[in-house]
Amino acid sequence: MASETTAQDPGTVQDAAAPTAQKFRFSLAYAWYILRRWPLIPGLIMVALVVGGVFADQLAPYDEIEQDIRFRNAPPRIFGSNSEYWSTQDYSQAMFRAEGSEGKDPSNRFLLGGDHVGRDVLSRVIHGARVSLVVTSVALFSGLILGVTIGVLSGYYGGIVDEFLMRMVDVWYAVPFLLLAMVAVIIFEASLNLIIFLLILLAWSGYVRNLRGEVLSLKQRDFVASARVAGASTFRIIFKHLLPGLVNTIFVIASLRVGQLILAEASLSFIGAGIPAPTPAWGVLIAEGREYVEQAWWQTVFPGTAIFLVVLAFNFLGDWVRDRLDPRLRQLD
Numbered sequence: 001m002a003s004e005t006t007a008q009d010p011g012t013v014q015d016a017a018a019p020t021a022q023k024f025r026f027s028l029a030y031a032w033y034i035l036r037r038w039p040l041i042p043g044l045i046m047v048a049l050v051v052g053g054v055f056a057d058q059l060a061p062y063d064e065i066e067q068d069i070r071f072r073n074a075p076p077r078i079f080g081s082n083s084e085y086w087s088t089q090d091y092s093q094a095m096f097r098a099e100g101s102e103g104k105d106p107s108n109r110f111l112l113g114g115d116h117v118g119r120d121v122l123s124r125v126i127h128g129a130r131v132s133l134v135v136t137s138v139a140l141f142s143g144l145i146l147g148v149t150i151g152v153l154s155g156y157y158g159g160i161v162d163e164f165l166m167r168m169v170d171v172w173y174a175v176p177f178l179l180l181a182m183v184a185v186i187i188f189e190a191s192l193n194l195i196i197f198l199l200i201l202l203a204w205s206g207y208v209r210n211l212r213g214e215v216l217s218l219k220q221r222d223f224v225a226s227a228r229v230a231g232a233s234t235f236r237i238i239f240k241h242l243l244p245g246l247v248n249t250i251f252v253i254a255s256l257r258v259g260q261l262i263l264a265e266a267s268l269s270f271i272g273a274g275i276p277a278p279t280p281a282w283g284v285l286i287a288e289g290r291e292y293v294e295q296a297w298w299q300t301v302f303p304g305t306a307i308f309l310v311v312l313a314f315n316f317l318g319d320w321v322r323d324r325l326d327p328r329l330r331q332l333d
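Take the sequence shown: its position 56, counted from the start at 1, is 56 in our numbering, and no numbers get skipped.
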């Protein structure tokens, strides 16, 4: 009898655990559905990026480029007291007391820790948001204008114009972007203007093929034919009859493009082909901290987390915008 009871115990435990596992899976599925349908968390992350970029000087607790060797590789304060670290930093404590600051606790200085030369990681991450915001905004809108122009002209005129522009796009897609960026940096040296120009080159091509296809469809509609018969100019047809029908497509592509541009800017800065130090771009912070990962992991983890959250937020937003603006996808909800 005891053996039979023992043999039934695993099945009983499994049956009891099944509803719990099912509820857990349902909770995850429901949370995922809410996140995709109402992207509140991605929206809050985007608001934090904009606020941090615009008000970086007011929000950052310290100067983002000010160095203080006393606080090099200082651990983050958010994980509690750092007294063990500071007890080993005899030279730092001596310098701290020499300035008459012995009554203060140096372990409470940096919320997210200090980097290898004593700069505040939190201040540099906040100012990195400004860099990403400025660079991405300029590249996004400039690439949008260029891509929309080429796509609309190619689809509207057709013929040799379409053939030339599409072959130009094919050639551009065949060029390795990272190789182009590295060659450009060697020739012109890394700068803010150069990275913006490179990101514009990355941004524009995503609009061309989609908008060309939309224009090829729209220009066959009766309202465009009626406008031609009425003597409307090409300029009027494009801006009054074609562009309004492209707004949804443009908005969806732009929202999906933001995350890609932020990631591209960080990648270029990481390999030294982007914004030069000491400007606190997120990619620069990760590149500078990779040599200190074992003893000061926070130098790379916190900027990397910022990139991950922002890119993920914009990708969620792009999917949400696409679902809301595409009637075919909206019917599936």
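Where is the CB? At the ideal position from N, CA and C, for every residue including glycine.
Check: I'd like to check one pair, P39 with F308: are the Cβ atoms closer than 8 Å?; Outcome: no
Check: Give a yes or no on whether the C-beta atoms belonging to G143 and I200 are separated by under 8 Å.; Outcome: yes
Check: Do the segment 272–284 and the segment 188–203 touch if we need at least three Cβ pairs shorter than 8 Å?; Outcome: yes
Check: Are the beta-carbon atoms of P42 and A296 separated by less than 8 Å?; Outcome: no
Check: Should E214 go down as buried or exposed, given a rule of 16 or more other Cβ atoms within 10 Å for buried?; Outcome: buried
Check: To which residues of the same chain is D162 closer than 6 Å at the C-beta, ignoring the five residues directly before and after it?; Outcome: S154
Check: Helix, strand or coil: which one does DSSP assign to D63?; Outcome: coil
Check: When you compare the CB positions of A227 and I237, do they come within less than 8 Å of one another, or not?; Outcome: yes
Check: Within its chain, find whatever has a CB closer than 8 Å to the CB of V51; leave out the 5 residues flanking it on each side and keep chain order.; Outcome: L59
Check: Here's the rule: buried if 16 or more other CB atoms are within 10 angstroms of the residue's CB, otherwise exposed. What is V171?; Outcome: exposed
Check: If you check the beta carbons only, do R345 and L140 fall under 8 Å apart?; Outcome: The requested residue 345 is not part of the displayed model; the chain covers only 1 to 333.
Check: Assuming H241 is part of the alpha helix (DSSP H), what are its boundary residues?; Outcome: Where H241 is concerned, there is no enclosing alpha helix (DSSP H), given that its DSSP letter is neither H nor E.
Check: Consult DSSP for G114 and reduce its assignment to one of helix, strand or coil.; Outcome: strand
Check: Roughly how far, in whole angstroms, is the beta-carbon of S255 from the beta-carbon of G318, given that I think they are within contact range, below 8 Å?; Outcome: 4 Å
Check: Restricting to Cα atoms, I'd like to know which of A203, L122, L112, I186 is closest to V148.; Outcome: A203
Check: Mind checking who D68 pairs with in its DSSP beta bridge?; Outcome: Looking at the DSSP assignment, D68 forms no beta bridge with any residue, so it has no partner.
Check: Quick one: is I186 buried, meaning 16 or more other Cβ sit within 10 Å of its Cβ, or exposed?; Outcome: exposed
Check: Excluding the five sequence neighbours on either side, which residues of its own chain have a C-beta within less than 7 Å of the C-beta of L325, listed in chain order?; Outcome: N248, F251, V252
Check: Within its chain, find whatever has a CB closer than 7 Å to the CB of S267; leave out the 5 residues flanking it on each side and keep chain order.; Outcome: G283
Check: For T305 and E294, what's the separation of their Cα atoms in angstroms?; Outcome: 17 Å
Check: For I45, count neighbouring Cβ atoms within 10 angstroms of its own Cβ and tell me buried if that reaches 16, exposed if not.; Outcome: buried
Check: Of all the options E265, V301, R77, L285, which has the alpha carbon lying nearest to the alpha carbon of S137?; Outcome: E265
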